[in-house]
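Colleague: Before I ask anything, let me first share the structure, which is written out below as structure tokens.
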Amino acid sequence: MGEVILTMKGIDKSFPGVHALDHVDLEVRKGEVHALMGENGAGKSTLMKVLTGIYKKDSGTITYEGKEVEFHNTREAQDAGVVIVHQELNMLGHLTVAQNIFIGREFKKGIRIDDKKMNEEAKKLFDRMHIDIDPKETMSRLTVGKQQMCEIAKAISHKAKVIIFDEPSAALTEAEIEELFKIIRDLREQGLGIVYISHRMDEIKVITDRVTVMRYGTYVGTLITKDSTKDDIINMMVGRVIYEDPKTQNMTPKGSPVVLKVEHLNAGKMVQDVSFELHKGEILGFSGLMGAGRTETARALFGADPMDSGDIYVNGQKVTIKSPQDAVKYGIGYLSEDRKRYGIVVQKSVAENTTMADLDAFANGPFIDKKKEKEIAEKYVESLATKTPSVDQLVVNLSGGNQQKVVIAKWLTRNCDILIFDEPTRGIDVGAKNEIYKLMNQLAAEGKAIIMISSEMTEILRMSDRIVVMCEGKKTGELDISEATQENIMNMATREIN
Amino acid sequence: MKKKVLAVLLGGCMVAGLLAGCGGGSSSTASTDSSSEGSEGGGGGYHFEVVVKSFQSTYWQAAITGVKAAADELGVTVNTTGPNNESDIADQVNMLNNAINQNPDGIALAANSQDAVLESLQSALDAGIPVVCFDTGVPDAPEGSVYATMATDNEAAGAVAAENMYEVIGDYIKNATEPVRIGEVNQDATSANISGRGMGFINKMKELIEADGKTVAVIGNQYYVDQVENNGDEGSADVIIEVAVPAQTTVELSATEASNIMNKEDTIAIFGSNQVTAEGVLTANQNLSVLAATPDEGIVGVGFDAGATIKAAVADGTLVGAVTQAPVDQGKLAIEALYDICEGNEVSDVATDAYWYDAENMEEDTIAPNLYD
Amino acid sequence: MANKTVSKTAGTNNRSFIDRMGGQKFIVILIVIALFILFCAMSPQFRKYTTVVSILDYSYYIALMAIGVTFPLLTAGVDLSIGTGLICYSLIGGYLIVHHDWPTGAGILVTILIGVVFGVINGCLVALMDLPAFLATLCTCMITRGLGSIVVGGYGIPWPTATQPGGWFRNIFKIQMDGMNIPIGFLWIVLLVIIMSFVLNHTKVGRYTLAIGSNKEATRLSGVNVKFYHVFAYVICGFFTGLAAIAYSAIFPTVQPGSGAGFELDAIGGAIIGGVSMTGGVGSITGTFAGVFVICLLKTGLPFIGLTANWQQIITGLVLIASVLIDILNRKKEGK
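Protein chains in written order, with the working numbering: chain F, 5 to 502; chain E, 217 to 589; chain X, 4 to 339.
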């Protein structure tokens, strides 16, 4: 590890309703890989956005190469050598690899773009990284892993001195991760400062030199990786919040009636012949890898996407569901994994979102009773402990957990007895996560039937009474929680592969 | 999917229903039918293509009436086309080229732009198709392509308006002690017809006033002001002629420009130099109620062209009178000229008359046929 | 819930004075007043009662179209067919009255009805068949333009004048009292603004119109019949275009086929000046109403202060850019 290249001190940043960063510190040295850790919503991404000029800090100082700096946009940061490799890839799929790498600063020959030189320069970059990618290849034809390499090449080509990796391994295969680590070690040898944001504890142990932990927008501490244990880091991340124990037995009351029965459901390639039953008061976990067809099953069942064939019975009655309207009529509510796109209307208020699914209950004929609407919204804000200044607050200003509660309120308002939670705690911080879990248990105890789609194994094992496992669009297994282990679920989830 | 198809069908039915319900009447289909019936080219007669300035105005419908009358009389077939708007220059050139490609025995053309049609006229010449212009001449046409032009002398038409207006306001001007104002609203400052008309009015009016020993200043739109010779000084002139041009060719904006002039204390007369601007003057008067038969009572209004609204205003004296061209004659003359060319006869240019009409002579035989609705 | 009450006060404090007064709407109303004072000061002709009546006369049809087109705009769509549509509906209705001796009332009903029908067509194309609104309504724009001309055979239609039999409808917008013209049409427009504001803010139709514009997919997944409400936004627009056609026929002596293209820009421009966002979900009827008067004042006032045609258009364009910029800057501020 060399000298300090970047220091962020006392960084403070607030958004309407959220204190996102509360006097956070971070120090990066030349030739180190510095992990930035914390649960979702801890403020890691916000901190990096402040550094690269996407957000303007409220207070605090940033010292880079011995001078105090403030970048006003990513371009300024890039020019100074601070580059971010994003989690979502910012690639223009129709252009070639080289065109992507040099976008915005193309080599010119007269007024013509010099593609030949760009290809040569890109080749040199790849050689330096010891990877083999054809610069002339169209970007969209590369694997996600290769695309990530191109992003890194682009970062290096900016003569970067500090590179920030924002969850780089999220979409990569084992082999690709190995390759990534090789490149990162190379860069470390060359004396670059590297910030590595990740959730994966084992990666942190393998690749990083130091770890800075954040929690709820505050700085918790910095550790030397090789001197600390996994538990040390987890304790710092989680704080006093203690996870509830995993469920050990099925909590559904004996002889509880079947409220939803799905038989031979088919919808496109992603849902093939799926059948299952859901009991009153039960939480049915849907486990599987990304792309196993769980969300697609839920969307078809909810009428959001068309189904090809299959039968659905609600409370023993055969029903036809062609649109979300039909589903809602039969008391089915769906909480999407992508709240911002599918769950809430961000520019509308808490109250308006709460009553979205059931305006009829608040309307005299075509007219909306705003007073009643407000009362109901306030009731749910209270009972779900939603943190919002008022029910008139725009939902966009709430944190992820509180947005989720607004969506739950929406379906509760509609008296839905069957609730489908698709990744209920994605993008929600640890404390709020726990609240959502409690709420789900409470709802189940009140007799609601819940389908919970989750990619987090701990979540599945902790919440479900029974577990359905899917792989490649097919149901590959069904387990009672008493017999479920991480290993046998994983086994089922990969059954169809190879 | 089924639903979507149903929706399309429904939409289609509604439109069809509308057409059948409202459009099935008499005149609506007549004008479109004539074009298809014409393209047959029957009975050994000649076939002519007619391209007008716009298919969508009453004026041009009157001209087409003349075209059809002549066609029936001479036993020839015609096909009439024209763009949506007089400003759709490119569309018209396209239509002219299509007409040439039909290889007719002759083409009658009322050009929206004198410059844009030159190339097409050359190809008509190359193809040996005779062209007769009506309403508007094409001065720079390739030698030999245009056999004759049947058009109103627009300068003379403007002068007719000035002479007749001066008959009403002349005495008032002679006896005036304070400066007075005469307004003119012109639809645009780009087309030869309108600007010729506008300048014809200005020059004649100036000449008449100066003959009575008074001085004149022309102010307002720069294009018109620049063309005035020996323009007087606004501060000292006895009579001010104010020229206004609306930002777009709508009745509303013409009315706004007219209101502005009609609101001025010293205004004694106003001239709207085509159908739209004359209607603008009338629209402005709805709120102002200042138009009158003599300058002592209010403002003297003079219009141009016909149409139901202007005719009604002339009949009830709101406008002291208006000038009408002879669109019916022009259409007729153009077809007759083409016929003569085909028969091997000589043809020559005809300057059609512009008529002054007022409440008294509206019903006369020379006037009435040219007063279209 | 201690933190609820604490943050409540914090929530209201950081709103600016302008925001509390209604945001962009407030600015627009100030602009209208400022423009009016400016024109009055610069032109003695403008200061007259008759000029005010004229401005109002020429504002009715734009205001009605603008109220209507606000609904498609709020769903993140647009309706470009309102200008040529207005002329088309008016031509057909007037044709029946003038050439087929229909009673005026029946002609008016037909005019409005055709507006509604084209609203349904536009709505079906956009909401059911997923055509981009720009494209779909551009097509109906052309269709209405051609249809009107075909029906009347190219001839202009003079709706009955106030003194002719059947001319009573002109008195809907203007009555004569002691030789003075009273522009009572303004009252009807204000009334409609109040009604449609209520519809937008207090009924399901309005709520779902805004929700569709903000996030159509989330609205659909809430079990809302988005197709119906999406179509309905265009039907409202068609209905108001029909009303605008009546207003236009009542104010102007003759309706000319082939005209009307460009009217929609005044209406859409007015809505946007009034704070309706082109990306949907944000806007108000009162804002649109105020925005329309900016356009109308500019159209009437600029000739009065002696500016020639070209300058009038340049200035109108600049005002539009300025108001759209205000909208974009506001949104950026919220985004951060």
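We treat Cβ as the ideally placed atom computed from N, Cα and C, and that holds for glycine.
Would you say R210 (chain X) faces chain E, with C-beta separation under 8 angstroms as the test?
Modeller: Here residue 210 (chain X) is taken as the residue at index 207 of the third sequence, counted from 1. With 8 angstroms as the cut-off, R210 (chain X) does not count as an interface residue toward chain E.
Colleague: For K11 (chain X), would you say it is in contact with chain F, using Cβ-to-Cβ distances shorter than 8 angstroms as the test?
Modeller: Position 8 of the third sequence, counted from the first residue, corresponds to residue 11 (chain X). The predicted model places K11 (chain X) with a pLDDT of 36, which falls under 50 and marks its position as unreliable; any figure quoted below should be read in that light. For K11 (chain X), the answer is yes, since a Cβ of chain F falls inside 8 angstroms of its Cβ.
Colleague: Excluding five sequence neighbours on each side, which residues of the same chain lie with their C-beta closer than 7 angstroms to the C-beta of A24 (chain F)?
Modeller: Against the first sequence, residue 24 (chain F) aligns to sequence position 20. The residues are K17, S18, G47, T50, G221.
Colleague: Note down the Cα distance separating G170 (chain X) from N391 (chain E), rounded to an integer number of angstroms.
Modeller: Counted from its first residue, the third sequence places residue 170 (chain X) at position 167. Counted from its first residue, the second sequence places residue 391 (chain E) at position 175. Computed Cα separation, rounded: 42 angstroms.
Colleague: Check each candidate in F:E377, F:N438, F:E286 and name the one with the smallest Cα separation from A389 (chain F).
Modeller: Taking the first sequence and counting its residues from 1, one reaches residue 389 (chain F) at position 385. Considering only alpha carbons, the answer is F:N438.
Colleague: Relative to the alpha-carbon of C142 (chain X), which residue among X:K230, X:T87, X:G261 has its alpha-carbon at the smallest distance?
Modeller: Locating residue 142 (chain X) in the third sequence gives position 139, counting from the first residue. Of X:K230, X:T87, X:G261, the residue nearest in Cα terms is X:T87.
Colleague: For chain E, find out if any of its Cβ atoms is closer than 8 angstroms to the Cβ of K219 (chain X); answer yes or no.
Modeller: What you label residue 219 (chain X) is simply residue 216 of the third sequence in a count that begins at 1. False, the Cβ-Cβ gap to chain E never drops below 8 angstroms.
Colleague: Below 8 angstroms on the Cβ atoms is my contact criterion, and I expect Y338 (chain F) with F306 (chain F) to pass it. Report the Cβ-Cβ distance as a whole number of Å.
Modeller: In the first sequence, the residue the question calls residue 338 (chain F) occupies position 334. In the first sequence, the residue the question calls residue 306 (chain F) occupies position 302. Indeed they touch by this definition, with Cβ atoms about 4 angstroms apart.
Colleague: What are the boundary residues of the beta strand (DSSP E) that M366 (chain E) is part of?
Modeller: Within the second sequence, numbered from 1, the residue matching residue 366 (chain E) stands at position 150. Start and end: 362-368.
Colleague: Since N503 (chain E) and T53 (chain X) should fall inside the 8 angstroms C-beta cutoff, what is the C-beta to C-beta distance between them, to a whole number of angstroms?
Modeller: Taking the first residue of the second sequence as position 1, residue 503 (chain E) is located at position 287. Taking the first residue of the third sequence as position 1, residue 53 (chain X) is located at position 50. Indeed they touch by this definition, with Cβ atoms about 5 angstroms apart.
Colleague: Considering V101 (chain F), what are the terminal residues of the alpha helix (DSSP H) in which it resides?
Modeller: Counting from 1 along the first sequence, the entry for residue 101 (chain F) is found at position 97. From DSSP, the alpha helix (DSSP H) with V101 (chain F) extends over 101-105.
Colleague: Are the CB atoms of Y200 (chain F) and H27 (chain F) nearer to each other than 8 angstroms?
Modeller: Along the first sequence, one-based indexing puts residue 200 (chain F) at 196. Along the first sequence, one-based indexing puts residue 27 (chain F) at 23. The answer is no: Cβ separation not under 8 angstroms.
Colleague: Which chain E residues sit within Cβ distance under 8 angstroms of V56 (chain X)?
Modeller: On the third sequence, position 53 is the one that residue 56 (chain X) refers to. Neighbours of V56 (chain X) on chain E, chain order: N503.
Colleague: Could you compute how far the alpha carbon of M217 (chain E) sits from the alpha carbon of I287 (chain F)?
Modeller: Within the second sequence, the letter at position 1 stands for residue 217 (chain E). Within the first sequence, the letter at position 283 stands for residue 287 (chain F). Bear in mind that the predicted position of M217 (chain E) carries a pLDDT of just 45, short of 50, making it too unreliable to give a figure here.
Colleague: Beta-carbon within less than 7 angstroms of M421 (chain E)'s beta-carbon, same chain only, minus the 5 sequence neighbours each way: which residues are those?
Modeller: Mapped onto the second sequence, residue 421 (chain E) falls at position 205. Hits under 7 angstroms: A378, Y382, I398, I457.
Colleague: Which residues bound the alpha helix (DSSP H) around G290 (chain X)?
Modeller: Taking the third sequence and counting its residues from 1, the one referred to as residue 290 (chain X) is at position 287. Per DSSP, G290 (chain X) belongs to the alpha helix (DSSP H) from 288-307.
Colleague: Against chain F, does A214 (chain X) count as a neighbour if the rule is that its beta carbon must be under 8 angstroms from one of theirs?
Modeller: In the third sequence, the residue the question calls residue 214 (chain X) occupies position 211. Judged by the 8 angstroms Cβ criterion, A214 (chain X) is in contact with chain F.
Colleague: Does E265 (chain E) come within less than 8 angstroms of chain X when only Cβ atoms are used?
Modeller: Here residue 265 (chain E) refers to the residue found at position 49 of the second sequence. Answer no: the Cβ-Cβ gap between E265 (chain E) and chain X never drops below 8 angstroms.
Colleague: Count the other C-beta atoms from every protein chain shown that fall within 10 angstroms of the C-beta of K284 (chain E), then say buried if there are 16 or more, exposed otherwise.
Modeller: Start at 1 with the first residue of the second sequence, and residue 284 (chain E) comes out as number 68. It counts as buried.
Colleague: Does A306 (chain E) pass the burial test, meaning 16 or more other C-beta atoms within 10 Å, or should it be called exposed?
Modeller: On the second sequence, position 90 is the one that residue 306 (chain E) refers to. Classification for A306 (chain E): exposed.
Colleague: Using only CA atoms, which one of X:Y63, X:G286, X:I40 lies nearest to G245 (chain X)?
Modeller: Within the third sequence, numbered from 1, the residue matching residue 245 (chain X) stands at position 242. The residue with the shortest Cα to Cα distance from G245 (chain X) is X:Y63.
Colleague: Give me the Cβ distance between E371 (chain E) and M311 (chain E), rounded to the nearest whole Å; I'm assuming they're in contact under 8 angstroms.
Modeller: Here the question's residue 371 (chain E) lines up with position 155 in the second sequence. Here the question's residue 311 (chain E) lines up with position 95 in the second sequence. The pair is not a contact, with the Cβ atoms about 29 angstroms apart (cut-off 8 angstroms).
Colleague: Return helix, strand or coil for V262 (chain F), following the three-state DSSP convention.
Modeller: Taking the first sequence and counting its residues from 1, one reaches residue 262 (chain F) at position 258. Three-state DSSP puts V262 (chain F) in a strand.
Colleague: With DSSP as the reference, label L134 (chain X) as helix, strand or coil.
Modeller: For this step, residue 134 (chain X) is matched to residue 131 along the third sequence. Correct three-state label for L134 (chain X): coil.
Colleague: At least one CB of chain X closer than 8 angstroms to the CB of Q408 (chain F): is that the case?
Modeller: Counting from 1 along the first sequence, the entry for residue 408 (chain F) is found at position 404. Output row for Q408 (chain F): interface = no.
Colleague: Can you have a look at F137 (chain X) and say buried or exposed, based on whether 16 or more other CB atoms are within 10 angstroms of its CB?
Modeller: As a first step, residue 137 (chain X) must be located in the third sequence, where it is residue number 134. The residue in question, F137 (chain X), is exposed, as its Cβ has fewer than 16 Cβ neighbours within 10 Å.
Colleague: Leaving out five residues on either side along the sequence, give the residues of the same chain with a beta carbon under 6 angstroms from the beta carbon of K506 (chain F).
Modeller: There is simply no residue 506 (chain F) to check, as chain F begins at 5 and stops at 502 in what is shown.
Colleague: Once DSSP output is grouped into helix, strand and coil, what is the label at Q276 (chain F)?
Modeller: Mapped onto the first sequence, residue 276 (chain F) falls at position 272. Three-state DSSP puts Q276 (chain F) in a strand.
Colleague: Is I486 (chain E) closer than 8 angstroms to G523 (chain E) when the C-beta atoms are compared?
Modeller: The count along the second sequence starts at 1 and reaches residue 523 (chain E) at position 307. The count along the second sequence starts at 1 and reaches residue 486 (chain E) at position 270. Cβ atoms of G523 (chain E) and I486 (chain E): not closer than 8 angstroms.
Colleague: Can you say whether A179 (chain F) is buried or exposed, counting buried as having 16 or more other CB atoms within 10 angstroms of its CB?
Modeller: In the first sequence, the residue the question calls residue 179 (chain F) occupies position 175. It counts as exposed.
Colleague: In three-state DSSP terms, what is N77 (chain F)?
Modeller: The residue given as residue 77 (chain F) occupies position 73 in the first sequence. Here N77 (chain F) sits in coil by DSSP.
Colleague: Which one of E:L549, E:E265, E:G353 has the shortest CA to CA distance from Q330 (chain E)?
Modeller: Here residue 330 (chain E) refers to the residue found at position 114 when the second sequence is read from its first residue. The shortest Cα separation from Q330 (chain E) among E:L549, E:E265, E:G353 belongs to E:G353.
Colleague: Which residue or residues does DSSP assign as beta-bridge partners of W572 (chain E)?
Modeller: As a position in the second sequence, residue 572 (chain E) is number 356, starting the count at 1. Partner(s): E:V539.
Colleague: May I ask you to report which of helix, strand or coil DSSP gives A284 (chain X)?
Modeller: Residue mapping note: residue 284 (chain X) aligns to position 281 of the third sequence, counting from 1. According to the sequence as given, residue 284 (chain X) is Gly; it is not Ala. Reduced to three states, the DSSP call for G284 (chain X) is coil.
Colleague: Do the CB positions of Q329 (chain F) and N218 (chain X) come within less than 8 angstroms of each other?
Modeller: On the first sequence, position 325 is the one that residue 329 (chain F) refers to. On the third sequence, position 215 is the one that residue 218 (chain X) refers to. Contact flag unset, no.
Colleague: From H233 (chain X) to K207 (chain X), what distance separates their C-alpha atoms?
Modeller: Taking the third sequence and counting its residues from 1, the one referred to as residue 233 (chain X) is at position 230. Taking the third sequence and counting its residues from 1, the one referred to as residue 207 (chain X) is at position 204. Rounded to the nearest angstrom, the two C-alpha atoms are 12 angstroms apart.
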